[in-house]
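Here's the structure, in structure tokens; my notes come after.
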Amino acid sequence: MIVKKEKRNSRKRPTFVLLVAISIDGKITNGTKEGNGWTSKEDKRIFHQELDRCDVAVMGRKTFEAIERPLTPRNRIVFSMQKTFSRSSECEHVIPGDVRSLNRLIQKNAWGRIAIVGGTQVYDWFLEHDLIDEMYITIEPVIFGSGRPFTDTYHSLQKRFTLVSSKKLNKDDTLLLHYTITHS
């Protein structure tokens, strides 16, 4: 199946899509290694399918540095207070994580669909700024006990999401949940 990328969007603002894989206890890392080497091949397939539908991927510096190979789409925004860091030459856009810088970059490039791919601080930032429109959450049937949580500020957020779909991805009971939110 071929999916055309949306270059422009009829909405006033782009669509922000949060993509995350978590353990049953809500961790995005296992405490010993950054990255998603612990997720199922089905999660990786869904992740890349959704990325292919997006014009740009937004991530934090640590997430960017943990990625072993470049993500599609080729457009990447890295939130970092540091202008140079490991592999910074491979990154198209580095911004300090403020709304004005992000808006300027999005408008300049006319991006219509934006993937938010982590880590914890980036997920928190987009949730706190009420920018997330959709969430794809893969739940892998493992418990880590330690590691980085999906979000640190969920206790202070009062957001209601609507379940669009839930799907069992494999015989190991990996689940994919797709949610949307209506902004007021």
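Sequential numbering of the sequence shown, starting at 69, is according to the working numbering.
A virtual CB, placed ideally from N, CA and C, is assigned to each residue, including glycine.
On a predicted model such as this, the values are computed, not experimentally measured, just so you know.
Taking the alpha-carbon positions, what's the phenylalanine 229 to tyrosine 247 distance? As the crow flies, the alpha-carbon of phenylalanine 229 is around 6 Å from that of tyrosine 247.
Between the beta-carbon of leucine 245 and the beta-carbon of alanine 183, is there less than 8 Å? Going by C-beta atoms, leucine 245 is not nearer than 8 Å to alanine 183.
Keeping to the same chain, check which residues put their C-beta closer than 7 Å to that of isoleucine 145; ignore five residues upstream and five downstream. Only residues of its own chain outside the window of five on either side were considered, and among them Val124, Val126, His161, Ile163 and Leu173 have a CB closer than 7 Å to the CB of isoleucine 145, listed in chain order.
Looking at the structure shown, is serine 148 part of a helix, part of a strand, or coil, going by DSSP? Looking at serine 148 - three-state DSSP - the assignment turns out to be coil, as it is neither helix nor strand.
Opposing strand residues paired with phenylalanine 84 [DSSP bridges]: Ile182, per the DSSP bridge assignment.
Is the distance from the Cβ of aspartate 93 to the Cβ of glycine 187 below 8 Å? Judged by their CB atoms, aspartate 93 and glycine 187 are not nearer to each other than the 8 Å cut-off.
At the level of alpha carbons, what is the spacing between lysine 80 and threonine 221? Their backbone Cα atoms lie some 27 Å apart in a straight line.
Identify whether isoleucine 174 lies in helix, strand or coil by the three-state DSSP scheme. Three-state result, isoleucine 174: helix.
How is the alpha helix (DSSP H) around lysine 109 delimited, first residue to last? Here the alpha helix (DSSP H) through lysine 109 covers 109 to 120.
Rounded to the nearest angstrom, what separates threonine 131 and glycine 165 at their Cα positions? Roughly 14 Å separates the two Cα atoms.
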